[in-house]
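**Q**
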Amino acid sequence: MIVDDNFEFLRSAARFLATDPRILVVGLALSGSEALLQVTRLRPDLVLMDIAMPQINGLEVTRSLKSRFNAPHIVILTHYDTIDYRNAAAAAGADGFIPKSEFGAEVLPLIHSLLGTLPPDVEVPSTNLVMEEERLHHDIPVKCTSGRAITHE
Numbered sequence: 097m098i099v100d101d102n103f104e105f106l107r108s109a110a111r112f113l114a115t116d117p118r119i120l121v122v123g124l125a126l127s128g129s130e131a132l133l134q135v136t137r138l139r140p141d142l143v144l145m146d147i148a149m150p151q152i153n154g155l156e157v158t159r160s161l162k163s164r165f166n167a168p169h170i171v172i173l174t175h176y177d178t179i180d181y182r183n184a185a186a187a188a189g190a191d192g193f194i195p196k197s198e199f200g201a202e203v204l205p206l207i208h209s210l211l212g213t214l215p216p217d218v219e220v221p222s223t224n225l226v227m228e229e230e231r232l233h234h235d236i237p238v239k240c241t242s243g244r245a246i247t248h249e
């Protein structure tokens, strides 16, 4: 499932993820409240979650989802790659953090690593919440029907 208040990003991300036959995007949500409803209904294995959204932000949604039994993996996506955002994502229970500027390079390996669908000899880029200090100095980017969630097959 992909959650972001920018429809163009949702559409682009869904098209990109659809290029991998092991990933099925089962829905999209334009807000945190919509994400909570869809996760309950669709039960995705993984949610790509924007932080800055109207109504309920992505950190609050992450905290809520992670308190549930059989919570999905959650990867935070944001334009703001700062230590404060990374720490907040970790505190909310996120399983990963990807700056949107690194989306194309980092999202597929991280998804496959979290879901266990990555061949053992493939190296996963450093997209987890524990980052090297020098990496923090960088500046801060999908087949789907409108209004629905991400899961693997």
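Using this note's numbering, read the sequence shown as starting at 97 and increasing by one per residue. Glycine residues also receive a C-beta, built at the ideal position from the N, C-alpha and C atoms. It should be emphasised that the depicted structure is a prediction, and the values quoted were computed from it without experimental measurement.
CB L206 to CB G192, shorter than 9 Å?
**A** It is a contact, given that the beta carbons lie within the stated cut-off.
**Q** Please return the same chain residues whose Cβ sits closer than 7 Å to the Cβ of R159, not counting the five positions on each side in sequence.
**A** A188 and G189
**Q** Go to V143, then tell me how far its beta strand (DSSP E) extends in each direction, as first and last residue.
**A** L142 to D146
**Q** For V157, name the three-state secondary structure that DSSP assigns.
**A** helix
**Q** Just to confirm the assignment: which complete beta strand (DSSP E) runs, minimum length 3, are found wholly within the stretch 164-203?
**A** At a cut-off of 3 residues, the continuous stretches assigned as beta strand (DSSP E) that sit fully inside the stretch 164-203 are 169-174 and 192-195.
**Q** Just tell me which of R139, R137, D146 and D180 has its CA closest to the CA of L106.
**A** D146
**Q** Give me whichever residues DSSP pairs with L138 in a beta bridge.
**A** Looking at the DSSP assignment, L138 forms no beta bridge with any residue, so it has no partner.
**Q** Using the Cα positions of R164 and E156, report the straight-line distance between them to the nearest angstrom.
**A** 13 Å
**Q** For the alpha helix (DSSP H) containing R111, list its first residue and its last residue.
**A** F103 to L113
**Q** DSSP on L124, reduced to helix/strand/coil?
**A** strand
**Q** Less than 8 Å between the CB of T136 and some heavy atom of the ligand FMN, yes or no?
**A** By its list of ligands, the structure shown contains no ligand whatsoever, and the ligand FMN lies outside what it can speak to.
**Q** I think M149 touches D101, with their Cβ atoms under 8 Å apart; what is that distance to the nearest whole Å?
**A** 4 Å
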